[in-house]
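S.K.: One structure follows; several queries about it will come next.
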Amino acid sequence: MNTKDLDRILERNSHLVDREFPMDGRTCHMMNAPSRPVGYEPKDEAGMMYADGMEFLERGNVQTGRWLLEEAYKAGNLEAGNSLALGLSYGWFGERDEEAATRLFRKLSHKGERNAMNNYAFAYLHGLGVKRSLYWAEFWFQRAIEKGNLCAAATYGQLNIENVFPKNSKSLGLWLLFWAADNGVAGAMNDIGLCYEEGQGMHVDYDKAFEWFKKSVEFGGGACAEFNVSRCFRYGLGVEVDEDKADAWQNLAIEHGFDIDSYNKAFCLDLYSQYEGYDF
């Protein structure tokens, strides 16, 4: 896929340019708790059952919530099926079952459900319930993008910037990220901030990095974006150092699910890897 392919997609589906999509894909770790879809307007009884099922799950009524999702899926609501698969993957209903989740993602993807395509690609990317395959991950990310899933565009864009696939294009990656961000995808805004901070595909610009992290928070970017704002205040990235604000933003990120212990562990491992082979 390249920018010409995307121009073709947009020309064929001009309505995709200004559509908003629910957050999933690369930032799904911020969305691992069930919640009623924002702005969702049920068009039939199955849609009502889907929305109500998610609301019951959000309130902690797992049995009723799952039953409503199953009934909605049986009635033909594919979004309910995708949420069922997410629930199996995240353990909303008890123990996680990645293999069952991936089987359902596969079935839904072949039926054309764009969010399931994105999640199926993610399963292949990380080997969740299926043998890891960059080929099939890329294939399903591209199919999801063709269906108009902007979150898939954000994920695939960032993966191109990170050189994950055999053939990568930073220009394509940035194009995808800005396309998704322009249409309200908070995860893409956060990734653009990281690109400015790290100089990925563009010159380092801490002021713009901070602006994009804040924008991501404003659009619902959640814990990861909040923690990045905290880092900016702590290290003076695009803003004056302010330890109080840094602590406040970090506490907010932790409250919203940011795993600070895992982050610190990963950071320390990365730091010490620079000195591997030295005798201290």
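Residues in the sequence shown are numbered consecutively from -3, following this note's numbering.
Heads up, the beta-carbon is just placed ideally off N, CA and C, and yes, glycines get one too.
All figures in this text were calculated on a predicted structure; none of them were measured in a lab.
(1) Please go through the same chain and pick out, in chain order, the residues whose beta-carbon is closer than 6 Å to the beta-carbon of residue 63, but skip the five residues on each side of it.
(2) With burial defined as no fewer than 16 other Cβ atoms inside 10 Å of the residue's Cβ, what is the status of residue 240: buried or exposed?
(3) Of the choices 106, 56 and 108, whose alpha-carbon is the least far from that of residue 83?
(4) Enumerate in chain order the residues of its own chain whose CB-to-CB distance from residue 130 is below 8 Å, with the five nearest sequence positions on each side excluded.
(5) For the stretch 126 to 210, list the beta strand (DSSP E) runs that are entirely contained and at least 3 residues long, ordered along the chain.
(6) Among 195, 79, 184 and 199, which residue has its Cα nearest to the Cα of residue 220?
(7) Considering only their Cβ atoms, is the gap separating residue 206 from residue 228 smaller than 8 Å?
(8) Please determine, among 168, 154, 181 and 180, the residue with the shortest C-alpha to C-alpha distance to residue 191.
(9) For residue 195 versus residue 170, is the C-beta distance shorter than 8 Å?
(10) How many Å lie between residue 134 and residue 243 at the Cα?
(11) Using a Cβ-Cβ cutoff of less than 7 Å, which residues in the same chain neighbour residue 107 once the five nearest sequence positions on both sides are dropped?
(12) Roughly how many angstroms separate the alpha carbons of residue 66 and residue 46, rounded to a whole number?
(13) Which value, in whole angstroms, describes the spacing of the CA atoms of residue 118 and residue 223?
(14) Hey, could you find the ends of the alpha helix (DSSP H) residue 99 is sitting in?
(15) At the level of alpha carbons, what is the spacing between residue 6 and residue 146?
(16) Distance check for residue 132 and residue 99, CA to CA, integer angstroms please.
(17) For residue 102, which residues of its own chain have a beta-carbon under 7 Å away from its beta-carbon, when the five flanking residues on both sides are left out?
(18) Considering Cα atoms alone, identify which of 79, 109 and 110 is closest to residue 97.
(19) For residue 142, count neighbouring Cβ atoms within 10 angstroms of its own Cβ and tell me buried if that reaches 16, exposed if not.
(20) Residues in the same chain with beta-carbon distance under 7 Å from residue 203, minus the five sequence neighbours each way, listed in chain order, please.
(21) Since residue 41 and residue 71 are thought to touch, with beta carbons under 8 Å apart, how far apart are those beta carbons, to the nearest angstrom?
(22) For residue 164, count neighbouring C-beta atoms within 10 Å of its own C-beta (all shown protein chains included) and say buried if the count is 16 or more, exposed if not.
(23) Taking 8 Å as the threshold (C-beta atoms), are residue 249 and residue 226 in contact?
(24) My understanding is that residue 149 touches residue 182, with C-beta atoms under 8 Å, so please give their C-beta distance in whole angstroms.
M.R.: Reading from the atomic positions:
(1) The beta carbon of residue 63 sits closer than 6 Å to no other beta carbon from its chain once the five residues preceding and following it are set aside.
(2) exposed
(3) Closest option to residue 83, judged by alpha-carbon separation, among 106, 56 and 108: 56.
(4) 120, 121, 160, 161 and 162
(5) The stretch 126 to 210 contains no whole beta strand (DSSP E) run of 3 or more residues.
(6) The option with the nearest alpha carbon to residue 220 is 184.
(7) yes
(8) 154
(9) no
(10) Distance between the alpha carbons of residue 134 and residue 243: 38 Å.
(11) 74
(12) 9 Å
(13) 23 Å
(14) 94 to 106
(15) Note on residue 6: pLDDT 46, under 50, position unreliable in the model; the coordinate value appears next. Each residue's alpha carbon lies about 12 Å from the other.
(16) 15 Å
(17) 116
(18) Relative to the Cα of residue 97, the nearest Cα in the group 79, 109 and 110 belongs to 79.
(19) buried
(20) These residues qualify, in order along the chain: 234.
(21) 7 Å
(22) Per the 10 Å Cβ criterion, exposed.
(23) yes
(24) About 13 Å separates the two Cβ atoms, so there is no contact after all.
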